[in-house]
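S.K.: Please see the structure below; I have some questions.
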Amino acid sequence: MQVSSRHHLRNDEVRALETALQEGLGVSIDGDAYELVEIADSPFDLVLVDGDPQAFYYEDEPFLTVRGANDHALERGVVTVDTGAISFVSDGADVMRPGIVEADEGIEAGDLVAIAEESHGKVLAIGRANTDGSEMVGDSGKVVESIHHVGDDLYTFSV
């Protein structure tokens, strides 16, 4: 992962990020220093909050990283998978309907979502919903495309 540039976010950019995460996920992040790390040849721009990779922009849309999602209690935008799906999702696999035990009804197709496991609620991945949350539980079909997961380059990024 090659960094193409790094700079601190302006106050208005910080407010826009905080507002988007509050409205979309019900999460309040609060830090003293917000730094944007632009990654070469990647759809991601990483946001370090007080030096920790807490959020990112994917195709200009802000969301929490897996680390950030595990550091905050998400109120919305969560898809929960059963224990049988954990190893697949952790390795970056897309999420299939049979592995889903619950999905936030407010999710709309195209939304970024956090994918959590049912036992402890730990977030394993971030993905893009292919269908509405109300239609995610079922017997067949891919419903979430994985874009960031535990152990990938974004997860292991260090300053």
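According to the numbering used here, the sequence shown is numbered sequentially starting from 35. Positions of the beta carbon are idealized from the N, C-alpha and C atoms, including for glycine. Every value quoted in this text rests on a predicted model; they were computed, and no experiment measured them.
#1: Look up V83 in the DSSP assignment and give the residues it is bridged to.
#2: Alpha carbon to alpha carbon, how far is R131 from D86?
#3: Quickly, what does DSSP pair D161 with across the bridge? List them, please.
#4: Considering only the alpha carbon of each residue, which of S39, T165, V135, V112 lies closest to A148?
#5: I need the straight-line Cα distance from S21 to D84, nearest angstrom please.
#6: Between L55 and D173, what straight-line distance do the alpha-carbon atoms span, to the nearest angstrom?
#7: Start and end of the alpha helix (DSSP H) containing I120?
#8: Is the separation between the beta-carbon of I134 and that of L146 shorter than 8 Å?
#9: Which class does T117 belong to by DSSP, given the choice of helix, strand or coil?
#10: Would you give the residue range spanned by the alpha helix (DSSP H) that A103 belongs to?
#11: At the level of alpha carbons, what is the spacing between H183 and E169?
M.R.: The relevant details are as follows:
#1: Secondary-structure assignment with DSSP links V83 through a beta bridge to Y68, D86.
#2: 33 Å
#3: Before going further, note that residue 161 is Gly rather than Asp in the sequence given. According to DSSP, G161 bridges with V147, S180.
#4: V112
#5: The structure shown does not extend to residue 21, since the chain spans only 35 to 193, so no value can be given for it.
#6: 31 Å
#7: 120-124
#8: no
#9: helix
#10: For A103, the uninterrupted alpha helix (DSSP H) run begins and ends at 100-105, by DSSP.
#11: 23 Å
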